[in-house]
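For the first sequence, position 482 matches number 565 in our numbering, and the numbering has no gaps at all. All C-beta atoms, glycine included, are put in the ideal place defined by N, C-alpha and C. Because the structure is a prediction, the values reported are computed rather than measured. Step one of this worksheet: look at the structure below.
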Amino acid sequence: MSEVDAKEKRKRDFERSLAGPSVGKAGLVRDQTEINRIIAEASKVRKDEELTEKITWFRNKRDSLMQDASREKLETDADRILLEVESTRDLTQTIIHVDMDAFYASVEVLMDPSLKGKPFGYEARKFGCRSGMAGFIAKKLCPHIILVPLNFDRYIAASKSVREVLLQYDENLMMASLDEGYLNITGYMAAHDMAAVDVVSQLRAQVEEKTQLTISAGIAPNRMLAKICSDKNKPNGQFLLDFDRNVITRFMRDLPVRKIPGFGRVTERCLEGLGVELMQTCGDIYTHRAELLVMDHWFNFRNLSKAYLGIADNKVAPGKREERKSVGVERTFRDKTDNEEILAELANIAEELEKDMTTLQYAGKTVTVKYKLHTYVNKTRAQSVKRYISTSAEILPIAQELLRRELPLRIRLLGIRMSTLKDLTVPESDGIQKFFAKTSAKTREPTPEPIDLSLEDDDDELEEGDFVPPVTKDHLLGPVCPICGKALGPGTSNQDLNEHIDWCLNKDAIGEAKKRTPKKPKKDPDKKEPKGSMMAWLKGK
DNA sequence: GCGGATCAC
DNA sequence: TATGGTGATCCGC
84 MSEVDAKEKR KRDFERSLAG PSVGKAGLVR DQTEINRIIA EASKVRKDEE LTEKITWFRN
144 KRDSLMQDAS REKLETDADR ILLEVESTRD LTQTIIHVDM DAFYASVEVL MDPSLKGKPF
204 GYEARKFGCR SGMAGFIAKK LCPHIILVPL NFDRYIAASK SVREVLLQYD ENLMMASLDE
264 GYLNITGYMA AHDMAAVDVV SQLRAQVEEK TQLTISAGIA PNRMLAKICS DKNKPNGQFL
324 LDFDRNVITR FMRDLPVRKI PGFGRVTERC LEGLGVELMQ TCGDIYTHRA ELLVMDHWFN
384 FRNLSKAYLG IADNKVAPGK REERKSVGVE RTFRDKTDNE EILAELANIA EELEKDMTTL
444 QYAGKTVTVK YKLHTYVNKT RAQSVKRYIS TSAEILPIAQ ELLRRELPLR IRLLGIRMST
504 LKDLTVPESD GIQKFFAKTS AKTREPTPEP IDLSLEDDDD ELEEGDFVPP VTKDHLLGPV
564 CPICGKALGP GTSNQDLNEH IDWCLNKDAI GEAKKRTPKK PKKDPDKKEP KGSMMAWLKG
624 K
């Protein structure tokens, strides 16, 4: 039997075993949802097998590399890198990560106190319901669960109230989403001669008093640690990690690698695979430093060192809208096979995307079509164009062409994403501005902030069809949400508006929490060439 | 620039 | 646990 045949048979057997009693005499599966479940499961299994294969490859690679290397030398080299990373440690800043407790649920309870104590929010968690879980699954786990429709406007308002309090502690407050944020309270502590724990207790009390929402907080010298810590005494609690190198490394040593932001399921399994048998905590990173260093190319040893040492970015700055990298729309549906139907769906999605691009005020140069086969395999096809585009009329033909090449298809998801963006609300650079000033001065008021006519062409060939962005201006009522049409009031900041728009766009989405505040904590690139002489700390291991 | 994979929320 | 949608990043070409 060939490899392929064997694989096929395994799959058939597997599907059969899953189908169980619903397989009729003829071996036919009863209904479509059943089939779907089987395919989904099979796809999971396939992915799992692929991962296992990858891990096996890593193991073999590790073994062959280790054969040609000296473990002693590797460990010495690893220690040197660890020392270098260690010398970048900065304990001077006090960083806080705040996380609102069961945010949506709490806001809903606030609006409708009769929900209190009902199978809802934390109550439903006892039954295994988790946030982000599909409603029908939650129902199965806990049939009495109360599912409340999402009211994003409420969450935005609540988030804003909390933010106002937080801003008193750090004007550079960095919101990572509606219910999460980072602060640097170093300045506040000095100004008020207060200890960190007292500042945070006070902050939390103040938030609760003002909004009746409770938050949890982590106090640590950098964002990564603060985030991990905010989870420690949740809900309605706080956790301080001593600003002491030894305390921090001990803390990390026993921490499951999965807890580190950015270390997901796959990374965890890969590390496990390399750690001889078990690689579960960050402490194992040190234990297996020779293997990990020899696999540096695939595992980025410096990065692992930072995780092990608890060293990370401690900069806190508000996210900037210009940092957005892409805007996209995608839809899942029942299998589609009909070419016309698929192209019609594509057109719908292009329309949606145009709306988003317009309200968010972006144009882009790269069109990416994404689709998911009925087997749950994802594919993307991209095409870049010379000039910035944003309307369906411009995007759709490109997307259509990309997709047509792939037909015929049996798919369950279709999407379009625009990237290589230009932020249309940003005033142009000098040169371009001058260029436009000549041609458009007469049509324009001498407004203080010019936000129109911002289309520039990198290949400086302005063509007749060039897109001129619609201009939306704040007026006396304050900015108006282009989606729900609501005036948000004169005091509304740009961030408020953008957040509102983002959430408004999402209002009818299925499922739960999704946010799109641009900017999220990321692994910072390695810093270079520090030096330190603290061998003692390493010796202790 | 393109395509796949992974991750967060 | 049988789910989706949006966006970012990283890697290998």
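query: Would you report the Cα separation of I472 and A446, rounded to the nearest angstrom?; result: 5 Å
query: Could you tell me the alpha carbon to alpha carbon distance between W140 and A273, rounded to whole angstroms?; result: 53 Å
query: Hey, out of L492, V399, L233, N383, whose CA is closest to T75's CA?; result: Here the chain covers residues 84 to 624 and nothing more, so residue 75 does not appear.
query: DSSP puts M258 in a beta bridge; with which residues?; result: G264
query: Mapping DSSP to helix, strand and coil, what is T370?; result: helix
query: How is A217 classed by DSSP in three states: helix, strand or coil?; result: coil
query: Measure the alpha-carbon distance for L224 versus T442 and round it to whole angstroms.; result: 39 Å
query: If you draw a straight line from the C-alpha of K137 to the C-alpha of G270, how long is it?; result: 48 Å
query: Hey, out of R172, L479, R142, A188, whose CA is closest to I499's CA?; result: L479
query: Count the other CB atoms within 10 Å of the CB of H180; is the residue buried (16 or more) or exposed (fewer)?; result: buried
query: Rounded to the nearest angstrom, what separates K448 and A476 at their Cα positions?; result: 14 Å
query: Specify, as a first and last residue, the run of the beta strand (DSSP E) that T451 falls within.; result: 445 to 456
query: Run through the segment 273 to 320 for me and flag every whole beta strand (DSSP E) of 3 or more residues, listed as ranges in chain order.; result: 298 to 303
query: Note down, in chain order, each residue of its chain lying with its Cβ closer than 7 Å to the Cβ of G356, except the 5 sequence neighbours on either side.; result: I138, F141, R142
query: For N397, is the classification buried or exposed, using 16 other Cβ atoms within 10 angstroms of its Cβ as the cut-off for buried?; result: buried
query: Jot down the residue ranges of each uninterrupted beta strand (DSSP E) in the segment 389 to 452, minimum 3 residues, whole runs only, in chain order.; result: 409 to 419
query: Quick one: what's got a C-beta closer than 6 Å to H457's C-beta in the same chain, skipping five residues either side?; result: D418, R493, R495
query: With H, G and I counted as helix, E and B as strand and the rest as coil, what does DSSP make of K462?; result: strand
query: Does the Cβ of F416 have 16 or more other Cβ atoms within 10 Å, making it buried, or fewer, making it exposed?; result: exposed
query: Just checking my contact of V452 with L486 at CB under 8 Å: how many whole Å lie between their CB atoms?; result: 5 Å
query: Taking 8 Å as the threshold, find out whether the segment 156 to 170 comes into contact with the segment 364 to 374 through three or more Cβ pairs.; result: yes
query: Please report the residue range of the alpha helix (DSSP H) in which K156 lies.; result: 154 to 169
query: Please go through the same chain and pick out, in chain order, the residues whose beta-carbon is closer than 7 Å to the beta-carbon of Q295, but skip the five residues on each side of it.; result: L193
query: Which two residues bound the contiguous alpha helix (DSSP H) that contains D503?; result: A quick correction: the sequence has Thr, not Asp, at residue 503. Where T503 is concerned, there is no enclosing alpha helix (DSSP H), although the beta strand (DSSP E) it sits in stretches over 494 to 506.
query: Output yes or no for whether 9 Å exceeds the beta carbon distance between L266 and I178.; result: yes
query: State the DSSP-derived secondary structure class of K469, mapped to helix, strand or coil.; result: strand
query: Determine the burial state of T575: buried for a count of at least 16 other Cβ atoms within 10 Å of its Cβ, exposed for fewer.; result: buried
query: If we count the other Cβ atoms within 10 Å of its Cβ and call it buried at 16 or more, is E133 buried or exposed?; result: exposed
query: Apart from the five residues just before and just after D151, which ones in its own chain have a Cβ nearer than 8 Å to its Cβ?; result: none
query: Could you check whether Q321 and V290 sit closer than 9 Å to each other, using their CB atoms as the reference points?; result: no
query: Compute the Euclidean distance between the alpha carbons of A303 and L249, then round it to the nearest angstrom.; result: 17 Å
query: Would you mind giving the Cβ-Cβ distance between K317 and D184, rounded to the nearest angstrom? I have them listed as a contact below 8 Å.; result: 7 Å
query: Going by Cα to Cα distance, which pick from N461, L165, V410 is closest to A123?; result: N461
query: Would you kindly work out how many angstroms separate the C-alpha atoms of L490 and R120, rounded to a whole number?; result: 25 Å
query: If you draw a straight line from the C-alpha of P339 to the C-alpha of A217, how long is it?; result: 27 Å
query: If you count every other CB in all the chains shown that lies within 10 Å of the CB of S189, and 16 or more means buried, which is it?; result: buried
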